[in-house]
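To start, the structure under review is shown below, and the notes come after it.
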Amino acid sequence: MAKVAFLQRGIYENLGVMQLSSVLKQGGHAVLVLIESLEKDAAQALAAFGPDLVCFSVLTGSHRAVHETIDRLRPSLPDALFVIGGPHPTYFPETVESAAVDVACVGEGEGAVLDLANAVPDRERIRSIPNLIVRGEDGRFSRNAVRPLVPDLDRLPFPDREGYYRYPVLRQARRKTFLTTRGCPYNCSFCFNHQYRRLYRGKGKYVRARSADNIIREILEVKEKYGLGSVFIQDDTFILDKVRLRDFLEQYAEQVGLPFTCLVRADLTDEETAQLLKGAGCVGVQFGIESGDEGIRNQVLRKNLTDEQIVAAAALFKKQRIPFKTYNMLGLPGEDLAGAFRTVALNARIRADLPWASILVPYPRTDIAEEMKRTGRISADYDVDDISSTFFDTKPGDREERAILNLQRLFFWAVRFPVLTPLIKRLVRLPPNPIFDLLFYLGQLHVYRVSENVDWGAALRMGWNFVRLNMRRGGRA
Ligand code: SF4
Numbered sequence: 038m039a040k041v042a043f044l045q046r047g048i049y050e051n052l053g054v055m056q057l058s059s060v061l062k063q064g065g066h067a068v069l070v071l072i073e074s075l076e077k078d079a080a081q082a083l084a085a086f087g088p089d090l091v092c093f094s095v096l097t098g099s100h101r102a103v104h105e106t107i108d109r110l111r112p113s114l115p116d117a118l119f120v121i122g123g124p125h126p127t128y129f130p131e132t133v134e135s136a137a138v139d140v141a142c143v144g145e146g147e148g149a150v151l152d153l154a155n156a157v158p159d160r161e162r163i164r165s166i167p168n169l170i171v172r173g174e175d176g177r178f179s180r181n182a183v184r185p186l187v188p189d190l191d192r193l194p195f196p197d198r199e200g201y202y203r204y205p206v207l208r209q210a211r212r213k214t215f216l217t218t219r220g221c222p223y224n225c226s227f228c229f230n231h232q233y234r235r236l237y238r239g240k241g242k243y244v245r246a247r248s249a250d251n252i253i254r255e256i257l258e259v260k261e262k263y264g265l266g267s268v269f270i271q272d273d274t275f276i277l278d279k280v281r282l283r284d285f286l287e288q289y290a291e292q293v294g295l296p297f298t299c300l301v302r303a304d305l306t307d308e309e310t311a312q313l314l315k316g317a318g319c320v321g322v323q324f325g326i327e328s329g330d331e332g333i334r335n336q337v338l339r340k341n342l343t344d345e346q347i348v349a350a351a352a353l354f355k356k357q358r359i360p361f362k363t364y365n366m367l368g369l370p371g372e373d374l375a376g377a378f379r380t381v382a383l384n385a386r387i388r389a390d391l392p393w394a395s396i397l398v399p400y401p402r403t404d405i406a407e408e409m410k411r412t413g414r415i416s417a418d419y420d421v422d423d424i425s426s427t428f429f430d431t432k433p434g435d436r437e438e439r440a441i442l443n444l445q446r447l448f449f450w451a452v453r454f455p456v457l458t459p460l461i462k463r464l465v466r467l468p469p470n471p472i473f474d475l476l477f478y479l480g481q482l483h484v485y486r487v488s489e490n491v492d493w494g495a496a497l498r499m500g501w502n503f504v505r506l507n508m509r510r511g512g513r514a
């Protein structure tokens with residue numbers, strides 16, 4: 038039996054970690070989930086557990102903080118292997134070789150992490166496990182091919198929530214997260230799905246769905262065990278398959294009946310979809326607009342979505358009284374300040390309840406980053422280490438860029454109170470300042486409070502944790 042620890046700084050539940058934990062426990066291994074910021078002394082708790090493997094799920098941007106954490110912990114755990122998985126090693130496997138890690142897991146981790154735990158401490162066995170990049174005794178890395186995608190999601194055990202829910206703040210959260218599908222068939226240039234599909238070409242069906250029965254059993258089990266006030270379905274696009282949606286929502290309404298929120302696409306939303314969602318208890322949807330400029334949205338971002346479809350979907354959600362959150366990006370290639378205000382205008386036109394805008398983070402290797410390098414928008418040597426750890430950071434450049442950065446700070450207010458637009462058009466010309474930051478965080482707190490269905494107290498606690506974590510070492514691990 039191996040002892041496997043998962044370590045993170047941010048206070049959130051990670052379904053990927055929960056899924057690995059359940060597979061490991063089913064395989065007879067011991068698992069500890071540690072949230073550093075909720076522990077008095079995480080290093081001591083880790084040492085007391087005595088892990089064989091210390092694992093991190095890593096987003097690009099937070100990778101530097103994880104590497105620092107590994108450097109800090111390694112002296113007290115000389116026999117443990119430090120393992121990273123998640124998006125960062127999946128999309129930037131070559132960066133592993135310059136990092137402090139022993140093993141990196143690429144792609145879906147269930148099979149690989151179980152094989153790894155079974156093989157510990159035999160490094161020779163570990164070196165040939167598919168999906169893993171492994172540092173040898175000589176310091177050289179072996180890189181193995183990925184295994185096929187998990188073909189039948191129903192065969193996986195339910196995510197093990199115990200590790201997270203031993204923390205009251207997560208156990209007591211009314212809203213808990215579930216995943217009913219994996220993969221997205223769209224091809225947006227700023228999103229990693231196209232890269233993930235390339236990685237798995239010829240390795241099985243990319244978009245996979247769990248059966249209604251399987252999902253409902255999991256939800257009911259969580260409700261029974263931990264209590265549940267509402268359900269967040271975290272699928273990239275929950276409404277992809279209308280037949281499945283109808284079947285699932287009918288059973289969900291009958292057997293679960295709890296309010297839920299989900300992610301949709303505007304172009305897949307028709308009258309029946311909105312009615313089905315409402316009828317089953319949907320209390321909020323989220324969808325991407327990305328840009329108010331249809332040309333940028335479709336030619337640069339490849340979102341494949343017209344203004345007309347966005348307006349029609351919004352009207353259907355308004356009709357059904359389903360509040361909606363929109364995702365938008367500013368600072369896009371080809372976008373000037375007037376273009377950024379067109380994004381405000383479209384959100385205001387559809388009366389977005391929870392408008393959200395970030396500054397574009399062009400992740401290296403995405404098609405959009407390559408295009409931006411080609412056109413000189415970012416430098417040819419732009420790489421993972423240029424990426425910041427939050428969606429909001431940016432390096433203000435010229436006056437136009439600074440104005441767009443200011444607009445991102447004021448986006449919520451500009452959309453929700455269009456009457457302020459003339460004033461905001463003047464304000465964004467001022468230098469970035471703490472008042473804009475404060476207004477931004479107030480807007481985000483409101484969005485968080487409503488979309489998470491929590492009171493102001495919980496929202497303020499979350500805000501404080503976010504600030505605290507970012508002040509301490511920059512970024513989350
Ligand atoms: S629809 Fe959403 S999840 Fe799918 S590729 Fe586009 S941005 Fe990514």
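In this note's numbering, the protein residues as written are 38 to 514. Every residue, glycine too, gets a C-beta built ideally from N, C-alpha and C.
Helix, strand or coil for residue i? Go by DSSP, reduced to three states.
i	result
E327	strand
D422	helix
L216	coil
R498	helix
R46	coil
R388	coil
V138	coil
T310	helix
G123	coil
T97	coil
T298	strand
A417	coil
V456	helix
R334	helix
G241	coil
S226	coil
S248	coil
G31	Outside the modelled stretch of the chain, which goes from 38 to 514, sits residue 31, for which no answer is possible.
K340	coil
V91	strand
K77	coil
L257	helix
K40	strand
I396	strand
L114	coil
L467	coil
D430	Bear in mind that the predicted position of D430 carries a pLDDT of just 46, short of 50, making it unreliable; the figure below should be weighed with that in mind. Of the three classes helix, strand and coil, the one that applies to D430 here is coil, per DSSP.
T380	helix
T274	coil
Specify, as a first and last residue, the run of the beta strand (DSSP E) that residue i falls within.
i	result
Q232	Note, Q232: premise wrong, no beta strand (DSSP E); alpha helix (DSSP H) at N230 to L236.
L110	Premise fails: L110 lies in the alpha helix (DSSP H), H100 to L110, not in any beta strand (DSSP E).
L71	A67 to I72
At which residues does the alpha helix (DSSP H) containing residue i begin and terminate?
i	result
F449	R436 to R453
V10	Beyond the ends of the chain as shown, which are 38 and 514, falls residue 10; an answer cannot be given.
F195	Unbroken run through F195: none, as it is neither H nor E.
S488	P471 to S488
I270	Element bounds for I270: not the alpha helix (DSSP H) but the beta strand (DSSP E), S267 to I270.
N155	E147 to A156
L286	K279 to Q292
I405	D404 to R411
R208	P205 to R208
For residue i, which residues of its own chain have a beta-carbon under 7 Å away from its beta-carbon, when the five flanking residues on both sides are left out?
i	result
D373	E437
F454	none
L52	P196, T214, L216 and Q271
R283	L313
R208	Y202 and Y263
F473	N443, R446 and L447
Please go through the same chain and pick out, in chain order, the residues whose beta-carbon is closer than 6 Å to the beta-carbon of residue i, but skip the five residues on each side of it.
i	result
F428	Bear in mind that a pLDDT of 43 at F428, under 50, signals an unreliable position, so the number given afterwards is only what the model happens to contain. Excluding positions up to five away in sequence, the list reads S395.
D430	Annotation note: pLDDT 46 at D430 (below 50); position unreliable, coordinate value reported separately. Nothing meets the Cβ criterion.
Y364	G325 and W393
What does a CB cutoff of less than 8 Å around residue i pick up in its chain, not counting 5 residues either side in sequence?
i	result
P88	K40, V41, A42, L69, L114 and A117
V320	S267, P296, F297, T298, I359, P360 and N490
D492	R486
Check whether the Cβ of residue i lies closer than 8 Å to any Cβ atom in chain C.
i	result
D189	The chain inventory of the structure shown lacks chain C, comprising one protein chain alone.
Exercise. Just checking, does the segment 440-450 make contact with the segment 381-396 on the three C-beta pairs under 8 Å criterion?
Worked result: yes
Problem set entry | alpha helix (DSSP H) segments (min. 4 residues) lying fully within the segment 343-378 | 344-356
For this session: Just list the beta strand (DSSP E) runs in the segment 158-189, keeping only unbroken ones of 3 residues or longer that don't cross its boundaries, in chain order.
Result: 169-172 and 178-180
Problem set entry | Any 3 or more C-beta pairs closer than 8 Å across the segment 73-86 and the segment 165-172 | no
Exercise. Are three or more beta carbon pairs between the segment 188-201 and the segment 380-388 nearer than 8 Å?
Worked result: no
Problem set entry | Stretch pair the segment 273-290 + the segment 298-313: three plus CB contacts closer than 8 Å | yes
For this session: Evaluate contact between the segment 458-472 and the segment 395-404, counting only Cβ atoms and requiring at least three cross-stretch pairs below 8 Å.
Result: no
Exercise. Is the number of C-beta pairs between the segment 229-237 and the segment 171-182 that are closer than 8 Å three or more?
Worked result: no
Exercise. Between the segment 97-114 and the segment 48-66, do at least 3 Cβ pairs fall closer than 8 Å?
Worked result: no
Problem set entry | Cβ contact (3+ pairs, closer than 8 Å) linking the segment 236-256 and the segment 348-358 | no
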